[in-house]
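Keeping their order, the protein sequence lines are chains A and B. Residue 6 is where the first sequence starts when you use this note's numbering, and the numbers rise one by one after that. Residue 59 is where the second sequence starts when you use this note's numbering, and the numbers rise one by one after that. Cβ coordinates follow ideal geometry from the N, Cα and C atoms, glycine included.
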Amino acid sequence: MAQIFPRWSNQTPRLITLGALVGLSATVFALYWWASPYHTDVGYAPKQPVPYSHALHAGELKMDCRYCHVGVEQGPHAGVPPTQTCMNCHKQVKPESENLKLVRESWTTDKSIEWVRIHKLPDYAYFNHSAHMGVGVGDKRAAIGCETCHGRIDTMEVVRQVQPLSMSWCIDCHSNPGPNLRPVENITTMGWSADMAWQEQQKQIAATLNPPGSLSGAQKFVDGHMQTYATAGCSGCHR
Amino acid sequence: MKKDPYAPIRDSMTEAPEYWRSVEHKNADDSVIKSYDAEFSNGITMPGGYNRRDALKIAGASIALGSLAGCEKVRRDPDEILPFVRQPEQYVPGNKLMYATAMQRSDGAVGLLAEANEGRPTKLEGNPAHGASLGASDAWSQAEVLKLYDPQRARSPLKAGTAAKWEEWDTFAKEHFGKLQAAQGAGLAFLVEEDMGPTFERLLAKLPQAKVVRFDPLAPDHAITGAQLAFGPGARAHYNVSKSKVIFSLDSDFLSGGPEHLAHARAFGQSRAVHTTADVEKMIRLYAAEGVFSTVGSNADHRVRITSGEGINVLKALAGALGLGELAAGGGALNDAQQKFVAGLAKDLAAHKGTGIIFVGERQPPAVHALAHAIDAALGNVGSTVSVSFSDARVARLGQAAQLEALIKAMGTEVTTLVAFEANPFYSAPAAFKFAEAAAKVTFIHAGVLPEETGVKANWHLPTAHFLEAWGDATAWSGIASLVQPIILPLHGGRPGISLLAQLVGEPETSDKKLVEATWVGKGIADTRAWRKALHDGTISGTGRSAGAAEVKTADITAALGNVKATTANKDALEFIAFDGHLKDGRLSNVSWLMEMPDSMSKLCWDNALLVSPALAKELGITSSVQKNNYTSDIVEISVDGRSVKAPTFVLPGIGQYSVVMARGFGRTWGDVATNVGVSATAVLGTTGTVVQGVKLTKTGEQTNLCSTQDHFGVPGNVVRELTFAEQSAEPAGAASRHIGLEPRPLFRSATAKQYAADGGKFAREGDVPANLVQLGTPKNKPAKLIQPTTEITYEGQQWGMVIDLSACLGCNACSVACIAENNIPVVGRDQVMLGREMHWIRIDRYFSGDVDQPRAIHQPLTCMHCENAPCEPVCPVSATVHDEEGLNSMAYNRCIGTRYCANNCPYKVRRYNYLDFTHTGDFMVEKGQPWPFKGEKDMDWKERMKTLKLQRNPDVTVRYRGVMEKCTFCTQRIEEAKIAAKRAGQDRKKLPDGAVTPACAQACATQAITFGNINDLESRVAKLKQSERNYELLQELNVRPRTTYLARVRNENEELA
């Protein structure tokens, strides 16, 4: 009697198992990716109540970020400006514009404009803008630029989140802050890049931020050596 | 037989411990001793009576449902940012702002700094520039911020207990008070506290015919009347503790309550900071005679038990021994111990003329206060350590009881309208006054922050603004005035007290700010610039009471003393004393932080009881047996003068043999937190103060259980044993243990000043292992003494550490409450405390030693030690608790999965676990005996309740959820804040100056018992203290190398009395 099933069918269970495994892994990965900050947060660009354009104000008009975001060097939050800041100029500039209707309304009714939050950290993670606006002492002083985390704001009509703000993203920079350091006077400069001299400087400053040999649970074995990281403890961000 | 290495450390205790936490511990009661080793010291109880299997079923279902919930939404809810329209100056979102203010009390204002986060007051701290605070604060001032957010504050006036509109009140007030104003206030009486602040007092004087009655159970009533008796009308005594060498405290708790107690405590703490043998000279010797056991008594070098009724005898005997014959006349007999005590004390006071102080407490009648002043004057202390000031008017003042009695008589006849400000007489006036009956005869208006018993029954209750919500001013005991500024607008539309008063007395201006300005600007404060300076500093310069010639009126005093009869209590005619615990006279009963704060001595929380001495308990056959750390207690009936109250009993060593003592502030009938907790002590009181004589106790045969934490978190190991030189050699060899290579060392170490002077403090280190200690620092700057134990750790940069001075700790609990406020620590409720689940990060262990009836007591604050070899760290399966580079044992809440292995492995028992979602639901208790939280649900709207309470939270500290372990972080948020501030200023964040970081506990501490800083900087205060010979580690034998170490207590004993 002839065989009903051809010989290759012996492989079927294996193929099914393999397929199932691959399928399962793919599903897990897809779900993981789908739920990760890389998917959920990067690119988030909600519509704001007032169609404010950073591309116009920061890009074309070259206003400094700190004209509006005054808290950035003084406190944890850079802050969204009060209506008064808008009205400083817009009492004169385009005072009748349809786009500014909500701003004028806020000004007369004394009610806040309800801006939509874009960058949001979990409640148990503490971030302080002012701590990143200047580290190191004397000639070893440097800062992280706005651009490093917030991207080319000067080109955005509608602001979107460009970095995942995940813990691993934070830790990456804290492990190796050198490349992201820039002179304090260039904090708000968009499109800034380090020249050769500064690249050397970066290394030296980074070395002062990572004192060797301290006790830490956050030491890592890298390239045959134990290395300590800029803010190694948990309690810097988790209090 | 070989010992099983895994057997509990202690099968049975063979000897009584030298230091013991409770009578049961002393007697080695199994239920106490075994609980020290057990994981669940108080047993396992699931809320609602679920068993383990049910819990697993529910957990399984929850996981399934939880995974479904995950599918719903990936992105977080959108969230708005609402900026200001016009942003105030100086305001940076996320940065806190500090405002100077002051809190008026009957015994003088306490200067405070209020921390505001985004406009919310979140914490109060002492104002260093204010003489009555000096930067320290007490449990009361710390708790005021939660009172501000009390969810039960009235949203509108209450007319006969039901909500009414402010307009209705205004219409009523216009008509009713219009008539009274026209009559110059005839028929009107105000019931107010002793001192209400300059503006309030100014307005009170506006209607000359209106009666002003001073009533405040917390007022230093007898002290004021006593000073007046001794020195003339308007006199007030001030004490300079820092100048003193010998202090005698008769029934007084001058370190934790009463006028300027924070300043007294600061001076006392400084005198106890003995770091070299030469320092012994500056130590104050403290004598105490009392029937209750107070924080003064537990810190006294010599304490003798008296009943309050014998106080006059003790002081007269002292006068006699000092050769002041006319003052000593007519004194009664003392017992042997008291005689010996008085003889020793008299000799000491005579040897320290001009540097002695006699403090007399409020339980003693005014004549005894005056007698103490006379003795002080005879010893030359008046003018040196005691100074006298006079009010400008020098008006004679009646005692409060007399004022209240006169008012009650006049009510319904001369007085037709009574307005009470910030008082709760329906609860806090002693029952014998029958205040409520008299109040029914008049139009009774109650104005207060909380309605309380009085407000809901009065004709009108008017919600007033809390002092953090309104403009005002306040006067300290020294007469120095402060401005009070609002940190937030009135939350529920309450009106400032001074605005209401202005309305009542017909002042056309009712704005609180303008009223205060009218008092000061152009008078005490020259101009706007001076106004701003006064606001900033927290004090108004140029204010104060004027000093006066202090002539003692001996004839008046002896005449007054003739009217005071000494009483000696016995078994059938006991002395009942109502004392003030954390809840004070009841004004803080609804503040859950204080309700859950264990009493300094009895460690009772969510309960009060009649405290009886062990000897009396034996005589009356009262037993309290301990079961799983809860006390089964006999209920007795207290009867006196036709009043009788049933109350549970609690045996507390050290109470006067025939004194029975009960805390005030319990047995309330109003308040979500306060209702149904404990028994009201004021129900027993007569009209003469907080002491009642001739009380009889009858056993009812009923029993109840009591909630006391005195046996909670016992440190395993039979180590609670005093070590002195003499016993050092006799330390039993081979005491059974599995400790690492060492004999158990004593937890608490102490010596007398003489021993300390003789050997420079070796007692603290004797028996510790020298090889285990290394010298810190480079060879060049080696310290003379050893600082830290050896570790493999190299000390780089800042290394945080703490030292707690056991000589200075009073056990007042200010640190604990400050910690709660700073670190968002939840309140768990009575039933959970009974299970040993209280969440306090810093607890104060109270130990007794010596005779069970006349013990010594000591206080030992315990918090996370931040061990270098932390036993909690290796057992964490998820590395949620790890060391950081500055030696902190950090706790990452978001990583914690709640295995509780760390808490089990912690030898100090300082880790706290969120068994339930305490943060959102745990701030109240439900009816006694009800399982929590399920049956309280119907009565309590948690969300509504948390709406205001959550405004108190510190935004810099994570709010923890169910299933997470937590513990002291050394206030890591403050360390980070200091580092970030240094970065902003361009300074090195790794080289913060000494004192840049102060944890909440150290900041609150009045005696400066807690010092925190960088131990790697040999010049820092903390490193210097660690080099002290008194420095020792707790559980040194475990080799965990704690960063928090203790300074052994040095007692300044009088050798004649030793």
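Spanning the alpha carbons of Gly855/B and Trp578/B requires a straight line of approximately 51 Å.
Neighbourhood of Ile118/A in chain B, by CB distance below 8 Å: Leu140 and Pro141, in chain order. With its beta carbon at least 8 Å from every one in chain B, Cys151/A lies outside the interface. In this structure, Pro42/A is the residue among Pro11/A, Pro42/A, Ser30/A and Glu190/A with its C-alpha nearest to the C-alpha of Trp174/A. In the DSSP secondary-structure assignment, Cys765/B is bridged to Asn688/B.
The C-beta of His62/A comes no closer than 8 Å to any C-beta of chain B. Cα atoms of Leu114/B and Gly644/B: separation of roughly 43 Å, rounded to the nearest angstrom. In the DSSP assignment, Tyr57/A falls outside any alpha helix (DSSP H) and carries neither an H nor an E.
Using beta-carbon distances, Ser948/B counts as an interface residue toward chain A, with a partner under 8 Å. Bounds of the alpha helix (DSSP H) holding Ala1058/B are Ala1058 to Ala1062.
Here the region 233 to 250 of chain B does not lie against the region 537 to 553 of chain B, with fewer than 3 beta-carbon pairs under 8 Å apart. Annotation for Val718/B: the continuous beta strand (DSSP E) segment containing it runs Ser717 to Ala721.
Inside the region 1029 to 1115 of chain B, DSSP marks whole beta strand (DSSP E) runs of 3 or more residues at positions 1068 to 1072, 1102 to 1105 and 1107 to 1109, from first to last along the chain.
When DSSP states are grouped into helix, strand and coil, Trp120/A belongs to the strand group. For the 8 Å CB-CB criterion, Val400/B and Leu376/B form a contact. Distance from Ser808/B to Ala1106/B at the Cβ level is roughly 6 Å; contact confirmed, criterion being Cβ atoms closer than 8 Å. Between the C-alpha atoms of Leu123/B and Cys954/B there is a straight-line separation of about 22 Å. Just measuring C-alpha positions, the residue of Leu674/B, Phe637/B, Ala673/B and Asn648/B sitting nearest Ser660/B is Phe637/B. Relative to Pro136/B, the option among Val108/A, Asp69/A, Glu65/A and Glu119/A whose CA is nearest is Glu119/A. Taking CB atoms only, Glu880/B has no neighbour in chain A less than 8 Å away. Note on Glu368/B: 16 or more other CB atoms within 10 angstroms of its CB, so buried under the neighbour-count rule. Taken through DSSP and simplified to helix, strand or coil, Phe525/B comes out as coil.
Taking a C-beta distance under 8 Å as the contact criterion, Phe289/B and His431/B qualify as a contact pair. Burial of Glu202/B is indicated by the presence of at least 16 other C-beta atoms within 10 angstroms of its C-beta. Here Leu646/B is near Lys205/B, since their CB atoms are less than 8 Å apart. Val542/B is outside the set of residues whose beta carbon lies under 8 Å from a beta carbon in chain A.
Boundaries around Met860/B are those of the beta strand (DSSP E), Trp858 to Asp863, since no alpha helix (DSSP H) includes it. For chain B, the residues of the region 68 to 89 of chain A that bring a beta carbon within less than 8 Å of one of its beta carbons are Val75, Gly76, Glu78, Gln79, Gly80, Pro81, His82, Gly84, Val85, Pro86, Pro87, Thr88 and Gln89, in chain order. Residue contact check for Val121/A against chain B: a CB pair falls below 8 Å.
Here the alpha carbon of Gly639/B sits roughly 13 Å from the alpha carbon of Pro275/B. Bridge pairing for Asn175/B: Arg178/B [DSSP]. For the options Ser697/B, Lys967/B and Phe821/B, the alpha carbon positioned closest to that of Phe771/B is the one of Lys967/B.
Rounded to whole angstroms, the gap between the alpha carbons of Ser907/B and Glu76/B is 6 Å. Of the candidates Leu171/B, Lys623/B and Val886/B, the residue whose Cα lies closest to the Cα of Gly390/B is Lys623/B. An exposed status is given to Asp69/A, since fewer than 16 other beta-carbon atoms sit within 10 Å of its beta-carbon. The beta carbon of Arg165/A sits no closer than 8 Å to any beta carbon of chain B.
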